[in-house]
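The structure under discussion appears below in the form of structure tokens.
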Amino acid sequence: MIGRFLAALLALAAAPAAAETLAIVNGRIATVGPAGTIDRGTILIRDGRIVAVGADLSVPPGTRTIDAQGRIVTPGFIASGTGLGLIEVRSVEAADDRGASFPGISAAFDAGYGLNPDSLLVPVARLGGITRAIATPVYGDAPGRELLFAGQAAAVALGGGPMLVRRGVAMVLEMGDAGAERAGGARAAELVALRTVFADVRDFARRRAAYDRGETRDYGLSRADLEALVPVVEGRMPLLVSVNRASDIRDVLALAREEGLRVILEGGAEAWRVAADIAAAEVPVLLTPVDNLPASFESLGATLETPRRLAEAGVLVAFQGNGNHRERELRYNAGNAVAAGMTWEQSLAAITLNPARIFGLADTVGSLEPGKDADLVIWDGDPLDTLGRPTAIFIRGEAQPMSSRQTELRDRYLPAVRASLSQGAER
Amino acid sequence: MKRVAAILLLTAACAAGAQPPPERADATAPDPFPSTYRRAPGAPMAITGAHILTGTGAELVNGTILVRDGLVEAVGEDLAVPEGYEVVDASGRWLTPGLIDAHSHLGVSSSPTTPLSADHNEGTSPNTAEVWAEHAVWPQDPQFRLARAGGVTTLMILPGSGNLIGGRSVTLRNVPSPTVQGMKFPGAPYGVKMACGENPKRSYGARGRSPATRMGNVALFRRAWIEAADYARRLDRAGSGGEPPRRDLQLETLAGVLDGEILVQNHCYRADEMAIMIDMGREFGFRIRAFHHATEAYKIAPMLAREDICVATWASSWGSKMEALDSVEENAPMIEAAGGCAIIHSDDATLGQRLNQEAGIALAAGRRAGIDVTDGEAIRWITANPARALGIDDRVGTLEPGRMADLVLWSANPFSVYALAERVWIDGAPVWDRSDPRYQAPSDFLLGQPGQASPR
Numbered sequence: 024m025i026g027r028f029l030a031a032l033l034a035l036a037a038a039p040a041a042a043e044t045l046a047i048v049n050g051r052i053a054t055v056g057p058a059g060t061i062d063r064g065t066i067l068i069r070d071g072r073i074v075a076v077g078a079d080l081s082v083p084p085g086t087r088t089i090d091a092q093g094r095i096v097t098p099g100f101i102a103s104g105t106g107l108g109l110i111e112v113r114s115v116e117a118a119d120d121r122g123a124s125f126p127g128i129s130a131a132f133d134a135g136y137g138l139n140p141d142s143l144l145v146p147v148a149r150l151g152g153i154t155r156a157i158a159t160p161v162y163g164d165a166p167g168r169e170l171l172f173a174g175q176a177a178a179v180a181l182g183g184g185p186m187l188v189r190r191g192v193a194m195v196l197e198m199g200d201a202g203a204e205r206a207g208g209a210r211a212a213e214l215v216a217l218r219t220v221f222a223d224v225r226d227f228a229r230r231r232a233a234y235d236r237g238e239t240r241d242y243g244l245s246r247a248d249l250e251a252l253v254p255v256v257e258g259r260m261p262l263l264v265s266v267n268r269a270s271d272i273r274d275v276l277a278l279a280r281e282e283g284l285r286v287i288l289e290g291g292a293e294a295w296r297v298a299a300d301i302a303a304a305e306v307p308v309l310l311t312p313v314d315n316l317p318a319s320f321e322s323l324g325a326t327l328e329t330p331r332r333l334a335e336a337g338v339l340v341a342f343q344g345n346g347n348h349r350e351r352e353l354r355y356n357a358g359n360a361v362a363a364g365m366t367w368e369q370s371l372a373a374i375t376l377n378p379a380r381i382f383g384l385a386d387t388v389g390s391l392e393p394g395k396d397a398d399l400v401i402w403d404g405d406p407l408d409t410l411g412r413p414t415a416i417f418i419r420g421e422a423q424p425m426s427s428r429q430t431e432l433r434d435r436y437l438p439a440v441r442a443s444l445s446q447g448a449e450r
Numbered sequence: 025m026k027r028v029a030a031i032l033l034l035t036a037a038c039a040a041g042a043q044p045p046p047e048r049a050d051a052t053a054p055d056p057f058p059s060t061y062r063r064a065p066g067a068p069m070a071i072t073g074a075h076i077l078t079g080t081g082a083e084l085v086n087g088t089i090l091v092r093d094g095l096v097e098a099v100g101e102d103l104a105v106p107e108g109y110e111v112v113d114a115s116g117r118w119l120t121p122g123l124i125d126a127h128s129h130l131g132v133s134s135s136p137t138t139p140l141s142a143d144h145n146e147g148t149s150p151n152t153a154e155v156w157a158e159h160a161v162w163p164q165d166p167q168f169r170l171a172r173a174g175g176v177t178t179l180m181i182l183p184g185s186g187n188l189i190g191g192r193s194v195t196l197r198n199v200p201s202p203t204v205q206g207m208k209f210p211g212a213p214y215g216v217k218m219a220c221g222e223n224p225k226r227s228y229g230a231r232g233r234s235p236a237t238r239m240g241n242v243a244l245f246r247r248a249w250i251e252a253a254d255y256a257r258r259l260d261r262a263g264s265g266g267e268p269p270r271r272d273l274q275l276e277t278l279a280g281v282l283d284g285e286i287l288v289q290n291h292c293y294r295a296d297e298m299a300i301m302i303d304m305g306r307e308f309g310f311r312i313r314a315f316h317h318a319t320e321a322y323k324i325a326p327m328l329a330r331e332d333i334c335v336a337t338w339a340s341s342w343g344s345k346m347e348a349l350d351s352v353e354e355n356a357p358m359i360e361a362a363g364g365c366a367i368i369h370s371d372d373a374t375l376g377q378r379l380n381q382e383a384g385i386a387l388a389a390g391r392r393a394g395i396d397v398t399d400g401e402a403i404r405w406i407t408a409n410p411a412r413a414l415g416i417d418d419r420v421g422t423l424e425p426g427r428m429a430d431l432v433l434w435s436a437n438p439f440s441v442y443a444l445a446e447r448v449w450i451d452g453a454p455v456w457d458r459s460d461p462r463y464q465a466p467s468d469f470l471l472g473q474p475g476q477a478s479p480r
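Chains as they are written, first to last, in my numbering: chain A, 24 to 450; chain B, 25 to 480.
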């Protein structure tokens, strides 16, 4: 909570332009909130927050006004399960901070540290309409892969200033094939190991003083890892579980029920086969709509129909992009879910309000509603389609640059390309 | 002068017409793994009222296409449908040539991914020109059907890029078949996969072997071409009565490149490395048909256009490696704007299901940057231009009379994320139909597996 407050202060300090009133008029506003889509409306922004959204708002005199010219305005998108802020080049170890193989830091790994707002990936993702992300750790794949948890995800903002918005929005755990491999080769071992760990954590939480005096049994995990898992066993921090096979999902739901855990499912290739169970447990699912390959024996039932089937069963669904450098494809993934039967509104919610709800951020982002941060994007076409592109992007009310290293490279070489063609034509 | 390697490509020669069999330097079988693909018989067909992108650059807003004997018979806006033709009403829909994926690993890098099915990198030596992708293609890879549902009718299956010279590619018709021979594109020339840059040097350098640097990459390439040139000379001498050399599969492939019969498909990201490869080709007398991935092609777009080398690339993929850092979404439109041959490829079984969308991303980015490319031009990135890179542009890639009738009927503008391939034909025969389960059958592998009752 204090971290969040400080982050907000820092963001304000880094964004003097936010301390003003701004009106976006003539927008076709997809609020993703109770107001639905407003055909021709105005968004009033003060000090980086939305003050009002509506069709018949009067704009105070002297307000800086941006005419959206009838274009679609959406909330900024949220990239879930990404390395944004943590990775630069995957093949360069020093430029990849998503995970570590340090033995005593597993659950304690905190993706809220070491974030790099100057990453080249940030402007590229932002030009795909992404304004926030859930920076998510990955396992440090050392020989033996003995880490049980990858660590804690953090909510970040892509506005160029300090990135951290909130630490510990989820604890990351792989189950299924990968989890079994970490536990020595079988699912049964991982499920037993997890129950043992959760019992240890509960014991530790009750007997911290005794632990520090060396009067408890050996818990297996480091003190830092034990401490990090206390909010998980107390149901305060959700466990983000990568899992795909229908039977594995049932096992996760049972584990969560027995241990009193809050769970978010990630991947979910066969989630549609147990959709009713997932809905009954009120467990949300993060998935990549275009992942339909039977890429492993745990995802033979993968299908493009998963988003629609989960939504129809009443499951809260959020979409993921195509990872790190390719997060900007998030909106096309949402478009592909529409092509596979979701409604446009459902798909837009799955990259805005739904991830905000899943990670506990819906009080500040995810929809265009009074009181929320003014993260929004104006589009020259359909934001979920290949042919639409953003024309303006705001994070906490601050206009973002519409360039990246990539557009700079393009602009450096474009004149020579044009010149070559006109020379060719003369010949 | 004909050489053994050329003879191996006899199918290509056959397609050009009935020529007398060339002289042989030895008893090599000319085509040891011949295609057994035969087009499925079908009645004459007319697709009417479609918005047609012909692949020649043309766009017909209300077009009709006539298909007979597996070939395009006629395309136009005011065509009468002759008696006896099955009519497909395509009003409100778009029609394009079948899509061609110029860079695929389907069948050699199959789903599900297991160590036992990873057959794309013979990573035991930096030069494995002797291996052929077709010897590893698993026709039951479920990914072939997914690509079909994305409108892909022809694919070039390449070995991986872990080696400098990874082996021969094979060009396939995307039809269900229990054998790879039943998929082989009759008469398509072979390609050879070559790779610049990080992959080979990392694969071997990590093991303390050469190549460990880009210097090593080029040195080993040149050594291979010196040996190939020597082999080719010995074959030439044998052709004029001398003793033929002992058959060498590795050198046979490389000599085929020097003969111009095997097309060089070169994985190469950086502009500077592409320029080195072009010079190296000149040194040894071969041409590079296409650079693949070619992230930095836009930096030398005029040179690549001048050299007549195609560029097979993406719009969105970037950054996984140092050499992929300088990507721009506008790579393909910038190649197009320089008058070059731009191709959108997949190299990925997920992306390979939506080449049309990837082309759409490049198209939209290009237009936003002020590069005026029409829909009719952009469709060539996934049809006519890959056909050219694969050496099959006289048979597929456009909807012109006499071309093989590979067709995709789209529910909407194919560059849109909402466009679905409703129906797909190969040689005029239906291979995919979203509303007809007969054309949706999963591969053998998926029979009896979870969730197969649903469309995918």
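Just so it is clear, CB atoms sit at the ideal spot from N, CA and C, and this is done for glycine as well.
Work out the CA separation of residue j and residue i for me, nearest whole Å.
i              : j              : result
residue 47(B)  : residue 226(B) : Low local confidence applies: a pLDDT of 45 at residue 47(B) is under 50, so the model's placement there is unreliable, and no value is given.
residue 189(B) : residue 122(A) : 34 Å
residue 110(B) : residue 403(B) : 27 Å
residue 37(A)  : residue 185(A) : With a pLDDT of only 46 at residue 37(A), under 50, the local geometry of the prediction cannot be trusted, and the value read off the model is given with reservation. Residue 37(A) and residue 185(A): Cα-Cα distance of roughly 8 Å.
residue 419(A) : residue 442(B) : 32 Å
residue 376(B) : residue 312(A) : 15 Å
residue 361(A) : residue 336(B) : 29 Å
residue 44(A)  : residue 393(A) : 14 Å
residue 137(B) : residue 194(B) : 21 Å
residue 165(B) : residue 467(B) : 7 Å
residue 357(A) : residue 59(A)  : 18 Å
residue 66(A)  : residue 344(A) : 28 Å
residue 370(A) : residue 361(B) : 35 Å
Can you pull the DSSP bridge partners for residue i?
i              : result
residue 125(B) : 179(B)
residue 428(B) : 95(B)
residue 97(A)  : 400(A)
residue 454(B) : 449(B)
residue 175(A) : 133(A), 194(A)
residue 60(B)  : Its beta-bridge partners do not exist; DSSP assigns none.
residue 417(A) : 399(A), 422(A)
residue 351(B) : Partner(s): none; residue 351(B) has no beta bridge.
With burial defined as no fewer than 16 other Cβ atoms inside 10 Å of the residue's Cβ, what is the status of residue i: buried or exposed?
i              : result
residue 125(A) : exposed
residue 271(A) : buried
residue 92(A)  : exposed
residue 443(A) : buried
residue 247(B) : exposed
residue 127(A) : exposed
residue 117(A) : exposed
residue 61(B)  : buried
residue 250(B) : exposed
residue 148(B) : exposed
Within the same chain, show all residues whose beta-carbon is closer than 7 Å to that of residue i, passing over the 5 residues directly before and after it, in chain order.
i              : result
residue 1(B)   : Nothing about residue 1(B) can be reported from this structure: the residues present for chain B run from 25 to 480 only.
residue 200(A) : 319, 321
Beta-carbon within less than 8 Å of residue i's beta-carbon, same chain only, minus the 5 sequence neighbours each way: which residues are those?
i              : result
residue 62(A)  : 51, 78
residue 169(A) : 126, 205
Ordered along the chain, which non-local residues of its own chain (more than five positions away) have a Cβ less than 6 Å from that of residue i?
i              : result
residue 45(B)  : Because residue 45(B) sits at a pLDDT of 42, beneath the cut-off of 50, its placement in the model cannot be relied upon, and the point is left open.
residue 314(B) : 289, 334, 336, 413
residue 326(A) : 315
Consider the C-beta atom of residue i and the heavy atoms of the ligand PLP; say whether any pair is separated by less than 7 Å.
i              : result
residue 266(B) : The ligand PLP is not among the ligands present in this structure, which contains no ligands whatsoever.
Members of the stretch 116-129 of chain B near chain A, C-beta cut-off 8 Å: Those residues of the stretch 116-129 of chain B that come within reach of chain A (Cβ to Cβ, closer than 8 Å) do not exist; the list is empty.
Near-chain B residues of the stretch 408-436 of chain A - C-beta to any C-beta below 9 Å: Listed by position, the residues of the stretch 408-436 of chain A near chain B (Cβ gap below 9 Å) are 408, 409, 410, 411, 412, 428, 429, 430, 432, 433, 434, 435, 436.
Chain A contacts made by the stretch 381-410 of chain B, where a contact means CB separation under 7 Å: So the close ones are 381, 384, 385, 388, 392, 393.
Chain A contacts from the stretch 346-363 of chain B (Cβ-Cβ distance under 8 Å): Listed in sequence order: 346, 349, 350, 351, 352, 353, 354, 358, 361, 362, 363.
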